[in-house]
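Asker:
2 protein chains.
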Amino acid sequence: MNLSDAMAELFYGGQSRLVRAFEDYDGEASFRREPWQRAGLGGGRVCTLEGGRVFERAGVNVSAVSGAQVPPSVGAQLPETAGKPFRATGISMVLHPLNPYAPSFHANFRFFETGDAWWFGGGLDLTPMYGFDDDAVHFHRTLRDWCDRHPGTADHEKWKSACDSYFTIEHRGEMRGIGGVFFDHLTATGPDGFAAHRALVADGLDTILAAYRPILDRRTELPYGEAERRWQLIRRGRYAEFNLVYDRGTMFGLQTKGNIEAILISMPPMASWAYDVRPEPRSPEADLSRFLQPRDWAGARAPQVKELSR
Amino acid sequence: MNLSDAMAELFYGGQSRLVRAFEDYDGEASFRREPWQRAGLGGGRVCTLEGGRVFERAGVNVSAVSGAQVPPSVGAQLPETAGKPFRATGISMVLHPLNPYAPSFHANFRFFETGDAWWFGGGLDLTPMYGFDDDAVHFHRTLRDWCDRHPGTADHEKWKSACDSYFTIEHRGEMRGIGGVFFDHLTATGPDGFAAHRALVADGLDTILAAYRPILDRRTELPYGEAERRWQLIRRGRYAEFNLVYDRGTMFGLQTKGNIEAILISMPPMASWAYDVRPEPRSPEADLSRFLQPRDWAGARAPQVKELSR
């Protein structure tokens with residue numbers, strides 16, 4: 001089996017397990033599973049859940065495409081690949097919970113192969129609408145521990161900082177959420193190099209539930225009202241701004257007219273915009289701003305388990 | 311009084327009249343009027359209304375800014391202006407009605423002056439969530455009549471086609487709405503040339519209510535339910551996609567970190583995304599698609615007054 005096939009197998013397997021796990025967690029709604037194929041391009045499987053008890057919208061996509069020539073955007077960055085045939089395989093997921101206290105979650109892993117060259121990219125990040133110190137600490141420590149299990153392959157410090165900078169909404173001067181990790185063009189030579197990176201990514205897939213589920217456990221049953229829902233929708237408007245204005249994957253997908261519905265599965269189920277929203281000073285809404293700037297959460301001296309007073 | 315001052319006076323006057331007219335029309339909510347000034351840039355007045363009886367969100371902005379050097383985007387297009395001081399004055403408005411049968415409306419007029427050179431740009435366009443032939447015919451005929459009152463200055467055919475092409479959501483293969491008119495870099499020489507163009511724009515401001523109000527009259531009281539609201543929010547998601555992915559004014563504003571809240575006043579108050587929404591064949595929702603492709607509405611043989619059956 002060649003490398004891209006091996007990664008596709010890993011991603012499809014991960015998708016099946018994760019979709020089942022999220023479905024179980026939701027307890028009410030189930031994922032619609034749609035395989036797709038396009039002649040001369042490849043195919044994939046889009047899994048979407050809408051209107052659940054826990055998840056207002058969730059999508060877990062796998063795609064495995066190939067082409068006769070690397071896309072211009074890749075060729076421009078890596079001239080030695082220009083004009084060569086390629087394969088691109090990836091999994092990506094976005095979960096938008098219904099409860100405003102439960103954060104949205106995004107992760108993706110991708111594998112690109114052209115000639116003898118290959119590389120991995122990916123990342124995981126969290127977007128709370130209300131900030132909780134213990135959630136941020138748990139999330140970042142879980143990601144750091146994952147990286148620490150792969151010395152020589154993963155670089156947590158670098159990836160954390162790349163994530164902070166990638167998920168920034170420039171025009172708002174704030175991050176989309178609390179970040180996580182983000183890496184790209186990760187490669188090595190020889191079969192051992194591939195095996196080590198495949199193991200990193202396989203472990204990354206297994207880290208998703210470890211990073212996110214304990215946070216959902218703490219947040220999805222918290223009572224909330226109209227005001228919290230309104231704030232959630234405003235924050236989701238920022239999420240939409242990031243995806244449509246800055247996200248490279250979304251822009252690339254829209255420009256190349258890929259599977260639009262699969263690309264935009266990352267969009268929130270509902271979002272709102274209002275003029276010059278300014279939360280009350282010292283409110284939980286105002287407190288969110290301190291979460292939207294780079295901060296060393298994994299290294300925070302102690303998990304601050306204090307809950308924000310409601 | 312110089313040209314930019316004359317235009318600013320016209321735009322501020324138009325803003326006051328329009329804001330009052332929309333407020334009267336709404337009958338419940340009123341506009342928040344916020345003048346702003348930024349040292350070394352200029353100022354403006356943002357007028358916003360939210361949560362009205364007729365309008366869920368409305369914004370009417372005037373800005374009058376100046377700079378020591380024309381922005382790079384202008385200098386690149388018109389090399390003779392590069393590096394020169396400039397003044398830019400404009401009015402823009404977006405109205406998002408609450409009733410799903412009432413279309414969203416957008417208009418803007420702008421005046422740019424650098425050295426001895428000046429030009430106008432602007433346009434008006436309509437975005438229905440449900441298509442009504444008579445609304446489309448009325449809207450386009452009103453705009454054509456406005457252009458016809460300014461022979462030698464306006465070019466309806468060209469501007470209508472520019473609007474169809476500008477307000478296209480490329481990745482969806484559809485227009486944002488039914489178009490209208492769109493023009494840019496409109497100039498002339500001598501004081502008569504300016505006077506004729508100023509008159510065109512002044513008349514354009516007066517055309518806004520003539521074009522939009524009769525449509526609101528027919529739609530804002532129509533009864534609707536959850537299904538129509540859901541469809542409206544999905545269509546507003548497309549509106550948000552256009553604004554954030556393609557609209558030049560929005561992109562320019564975000565990149566230059568202008569008055570973000572004023573720039574994003576065009577965003578819908580509430581929007582939603584769902585996976586692969588496909589209206590029932592022959593439903594009013596499905597019928598919208600024939601409105602989202604270029605069509606000669608003003609020249610349509612007769613105003614088709616048939617209402618879609620609900």
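Protein chains in written order, with our numbering: chain Y, 1 to 310; chain S, 311 to 620. We put the CB at the ideal spot given by N, CA and C, even for glycine.
Rounded to whole angstroms, how far is the Cβ of cysteine 357(S) from the Cβ of glutamine 379(S), which I believe are closer than 8 Å?
Answerer: Wrong, their Cβ atoms sit about 30 Å apart, outside the cutoff.
Asker: So, alanine 188(Y) versus isoleucine 234(Y), is the Cβ gap smaller than 8 Å?
Answerer: no
Asker: For the pair the stretch 248-256 of chain Y and the stretch 117-134 of chain Y, tell me if three or more CB-CB distances fall below 8 Å.
Answerer: Segment contact: the stretch 248-256 of chain Y against the stretch 117-134 of chain Y, fewer than three CB-CB distances shorter than 8 Å; contact not assigned.
Asker: For isoleucine 479(S), which residues does DSSP report across the bridge?
Answerer: DSSP, once it has assigned bridges, lists Glu484(S) as partnering isoleucine 479(S).
Asker: Assign glycine 490(S) to one of two classes, buried (16 or more other C-beta atoms within 10 Å of its C-beta) or exposed (fewer than that).
Answerer: buried
Asker: Please return the same chain residues whose Cβ sits closer than 7 Å to the Cβ of proline 589(S), not counting the five positions on each side in sequence.
Answerer: Glu595, Ala596
Asker: Taking CB distances under 8 Å as the criterion, tell me whether glycine 586(S) reaches chain Y.
Answerer: Glycine is not the amino acid found at residue 586(S); the sequence shown has aspartate there. By this cut-off, aspartate 586(S) is an interface position.
Asker: Alpha carbon to alpha carbon, how far is leucine 244(Y) from glutamate 538(S)? Give it in angstroms, no decimals.
Answerer: 25 Å
Asker: Along chain Y, which residues have their Cβ under 8 Å away from the Cβ of valine 329(S)?
Answerer: Residues of chain Y passing the Cβ test: none, with the nearest at roughly 14 Å.
Asker: Would you report the Cα separation of serine 593(S) and aspartate 443(S), rounded to the nearest angstrom?
Answerer: 15 Å
Asker: Indicate whether valine 94(Y) and serine 272(Y) have their beta-carbon atoms separated by less than 8 Å.
Answerer: no
Asker: Listing by chain order, which chain Y residues have their CB less than 7 Å from the CB of leucine 602(S)?
Answerer: The contacting residues do not exist; leucine 602(S) stays about 15 Å from chain Y at best.
Asker: Determine the DSSP secondary structure at valine 60(Y), reduced to helix, strand or coil.
Answerer: The DSSP-derived three-state label of valine 60(Y) is strand.
Asker: How would you call glutamate 551(S), buried or exposed, if buried means at least 16 neighbouring beta carbons within 10 angstroms?
Answerer: buried
Asker: Give the secondary structure of leucine 313(S) by DSSP, where H, G and I count as helix, E and B as strand, and everything else as coil.
Answerer: helix
Asker: Output, in sequence order along the chain, the residues in the stretch 250-278 of chain Y whose CB is closer than 7 Å to any CB in chain S.
Answerer: Leu254, Lys257, Ile260, Glu261, Leu264, Ile265, Met267, Pro268, Pro269, Met270, Ala271, Ser272, Trp273, Ala274, Tyr275, Asp276
Asker: Around the Cβ of serine 414(S), are there at least 16 other Cβ atoms within 10 angstroms (buried) or fewer (exposed)?
Answerer: The residue in question, serine 414(S), is buried, as its Cβ has 16 or more Cβ neighbours within 10 Å.
Asker: Classify proline 613(S) as helix, strand or coil using the three-state DSSP reduction.
Answerer: In this predicted model, proline 613(S) has a pLDDT of only 49, less than 50, meaning its place in the structure is not dependable; the value taken from the coordinates is given anyway. Coil at proline 613(S), not helix or strand.
Asker: Could you confirm whether any beta carbon from chain Y is found closer than 8 Å to the beta carbon of glutamate 484(S)?
Answerer: At least 8 Å separates the CB of glutamate 484(S) from every CB of chain Y.
Asker: State the CB to CB distance for the pair arginine 252(S) and arginine 548(S), rounded to an integer number of angstroms; the pair is presumed to be in contact (CB under 8 Å).
Answerer: An answer regarding residue 252(S) cannot be provided, because it is not within the stretch 311 to 620 covered by chain S.
Asker: If distances are taken between C-alpha atoms only, which option among Asp26(Y), Leu292(Y), Arg32(Y) comes closest to alanine 262(Y)?
Answerer: Arg32(Y)
Asker: Which residues of the stretch 216-246 of chain Y have a Cβ closer than 9 Å to any Cβ of chain S? Give them in chain order.
Answerer: Leu233, Gly237, Ala240, Glu241, Asn243, Leu244, Val245
Asker: Going by other Cβ atoms of all chains shown within 10 Å of its Cβ, with 16 needed for buried, is serine 73(Y) buried or exposed?
Answerer: Exposed is the call here.
Asker: Please work out which residues of its chain come closer than 7 Å, Cβ to Cβ, to alanine 464(S), disregarding the five sequence neighbours upstream and downstream, and give them in chain order.
Answerer: Residues Cys457, Leu510 of the same chain have their beta carbon placed closer than 7 Å to that of alanine 464(S), with the five preceding and five following residues left out of the count.
Asker: What do you reckon, is the C-beta of methionine 7(Y) under 7 Å from a heavy atom of the ligand PLP?
Answerer: No copy of the ligand PLP occurs in the structure displayed, which carries no ligand at all.
Asker: Leaving aside the five residues before and after leucine 359(S) along the sequence, list all residues of the same chain whose C-beta is less than 6 Å from its C-beta, in chain order.
Answerer: Ala339, Phe341, Phe365, Ala368
Asker: Strictly under 8 Å for the Cβ-Cβ distance: is threonine 48(Y) near chain S by that measure?
Answerer: Taking 8 Å as the threshold, the shortest C-beta distance from threonine 48(Y) to chain S falls below it.
Asker: Could you give the distance in angstroms between the alpha-carbon of glutamate 307(Y) and the alpha-carbon of leucine 288(Y)?
Answerer: Confidence in glutamate 307(Y) is poor, its pLDDT being 49 and thus under 50, which makes the residue's placement too unreliable to answer from.
Asker: Going by beta-carbon coordinates alone, are glycine 337(S) and arginine 363(S) separated by less than 8 Å?
Answerer: yes
Asker: Just tell me which of Gly122(Y), Gly75(Y), Val19(Y), Phe112(Y) has its CA closest to the CA of phenylalanine 182(Y).
Answerer: Among Gly122(Y), Gly75(Y), Val19(Y), Phe112(Y), the Cα nearest to that of phenylalanine 182(Y) belongs to Gly122(Y).
Asker: Consider the Cβ of histidine 450(S): report whether some Cβ of chain Y lies at a distance smaller than 8 Å.
Answerer: no
Asker: Along chain Y, which residues have their Cβ under 9 Å away from the Cβ of histidine 416(S)?
Answerer: None at all; the shortest Cβ gap to chain Y is about 15 Å.
Asker: Short of 6 Å in beta carbon distance, which residues of its chain neighbour serine 619(S), apart from the five on each side in sequence? Order them along the chain.
Answerer: Any reading at serine 619(S) must be qualified, since the residue scores a pLDDT of 42, below 50, and its modelled position is unreliable; the value itself is stated next. Nothing meets the Cβ criterion.
Asker: Measure from the C-beta of glutamine 15(Y) to each C-beta in chain S and report whether the shortest distance is under 8 Å.
Answerer: False, the Cβ-Cβ gap to chain S never drops below 8 Å.
Asker: Would you kindly work out how many angstroms separate the C-alpha atoms of glycine 371(S) and proline 223(Y), rounded to a whole number?
Answerer: As written in the sequence, residue 371(S) is asparagine, which differs from the glycine given in the question. Cα to Cα, asparagine 371(S) sits roughly 39 Å from proline 223(Y).
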